[in-house]
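Numbering (UniProt numbering), first residue to last: 1 to 137.
Just so you know, even glycine gets a beta-carbon here, dropped at the ideal spot from N, CA and C.
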Amino acid sequence: MKYLIYLSTAVNLFSQDQLEELLKKARANNAKKSVTGMLLYYDGSFIQVLEGDATDVDAVYDTIKADNRHKDLIKIADGEHDERAFAAWSMGFRRGTATEFAELEAFTDPRKLSELVSGSDHPAFIMLKTFVRTNLQ
1 MKYLIYLSTA VNLFSQDQLE ELLKKARANN AKKSVTGMLL YYDGSFIQVL EGDATDVDAV
61 YDTIKADNRH KDLIKIADGE HDERAFAAWS MGFRRGTATE FAELEAFTDP RKLSELVSGS
121 DHPAFIMLKT FVRTNLQ
């Protein structure tokens, strides 16, 4: 199972509607290729983990690289792991208040990441825990 982690910066800050649309499209595109993972967005910064068959992960990543809604895309890690780390995850999202999280039921609250993944040694978990701890305190 391949995993890939990248960082990027939004060209413009995303509105709630834009983030919902991004989630909808990402889920549909990733499902076609059996790619799972997690996307965190915070104040114009993205960090995403993709996981699945190497060919499929690379194809999704190529599509992401061509997306003009973000810039400064940097692949920070990739490798192989025995199992999916985010099999049921689509995206994490942080914008403002707890009320907004409730309105976006499809997003995962990244502040709860440590509760959901405590004890995991997967490199993606470690990277995302660091992102959450650094940006959301």
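Range covered by the beta strand (DSSP E) that runs through Lys75: 70-80
Host beta strand (DSSP E) of Lys2 (start-end): 2-10
Three-way DSSP call (helix, strand, coil) for Ala106 in this model: Caution is warranted here: a pLDDT of 40 is assigned to Ala106, below 50, making its placement in the model unreliable, and no coordinate value can be reported.
As assigned by DSSP and simplified to three states, the class of Glu83: coil
Rounded Cβ spacing between Asp17 and Lys33 (contact assumed at less than 8 Å): Incorrect: roughly 26 Å between the Cβ atoms, too far for contact.
Range of the contiguous alpha helix (DSSP H) that encloses Val35: Premise fails: Val35 is in no alpha helix (DSSP H) and is neither H nor E.
DSSP three-state assignment for Leu22, whether helix, strand or coil: helix
Rounded C-alpha distance that separates Asn30 from Leu13: 23 Å
Own chain, CB closer than 7 Å to Ala87, minus 5 neighbours either side, in chain order: Thr36
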